[in-house]
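With the working numbering applied, the sequence shown corresponds to residues 25 to 162, in that order. To start, the structure itself, in structure tokens.
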Amino acid sequence: MDSRVVLLVEDDPGDAELIAEAVQDAPVSTQVVHVKDRECALRYLRSRPEKMPSLIMLALNLPGRSGFDLLETIKADKIWRTIPVVGLAQSDGRWDVSEGFERGIAGYVVKSKDPAKLRGEIAAIRDYWTLSRLPRVL
Numbered sequence: 025m026d027s028r029v030v031l032l033v034e035d036d037p038g039d040a041e042l043i044a045e046a047v048q049d050a051p052v053s054t055q056v057v058h059v060k061d062r063e064c065a066l067r068y069l070r071s072r073p074e075k076m077p078s079l080i081m082l083a084l085n086l087p088g089r090s091g092f093d094l095l096e097t098i099k100a101d102k103i104w105r106t107i108p109v110v111g112l113a114q115s116d117g118r119w120d121v122s123e124g125f126e127r128g129i130a131g132y133v134v135k136s137k138d139p140a141k142l143r144g145e146i147a148a149i150r151d152y153w154t155l156s157r158l159p160r161v162l
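See below:
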């Protein structure tokens with residue numbers, strides 16, 4: 025079975041490490057590609073058409089241009105729009121949640137300050153998306 029790729033767009037190194045570890049514990053072979061910002065994510069998506077991610081985990085509060093800007097770019101592209109995007113946020117503010125779903129986000133996780141709780145939340149998302157049948161992007 026081919027390895028699934030999860031693109032993790034996260035600027036916080038501690039959160040990125042914890043999330044990547046939780047994703048890589050998946051029951052199917054999963055490769056995590058970690059990038060720290062919007063530009064790096066777009067560079068990866070443009071340069072690796074043969075290795076499109078099966079899931080994008082996107083921090084919504086990125087420095088510079090927000091994760092919402094990247095989400096909008098992804099959902100406007102005819103190939104990338106089929107990739108499910110799970111938002112990672114610092115809070116569960118109603119505006120963030122509503123805005124995310126209106127822009128096409130597939131799921132939403134509030135990053136807990138408790139590492140064990142965050143790991144459990146990411147594991148639940150990971151299990152759902154890695155075991156689900158997803159459309160082929162190419």
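Here a beta-carbon is modelled for each residue, glycine too, at the ideal position from N, C-alpha and C.
Annotated three-state conformation of glutamine 114 is coil, per DSSP. Boundaries of the beta strand (DSSP E) harbouring leucine 79: 79–83, taken from the DSSP string. For threonine 97, the enclosing alpha helix (DSSP H) covers residues 91–100.
For valine 134, the enclosing beta strand (DSSP E) begins and ends at 131–134. For arginine 62 and leucine 42, the gap between their C-alpha atoms comes out near 20 angstroms. Between the region 99–118 and the region 60–77 there are three or more inter-stretch CB-CB distances shorter than 8 angstroms, so the stretches are counted as touching. Under the three-state reduction of DSSP, arginine 143 is assigned to helix. A direct Cα-Cα distance of roughly 26 angstroms separates leucine 112 from glutamate 74.
Leucine 31 has Val57 and Ile80 as its beta-bridge partners, per DSSP. Secondary structure of valine 109 (DSSP, three-state): strand.
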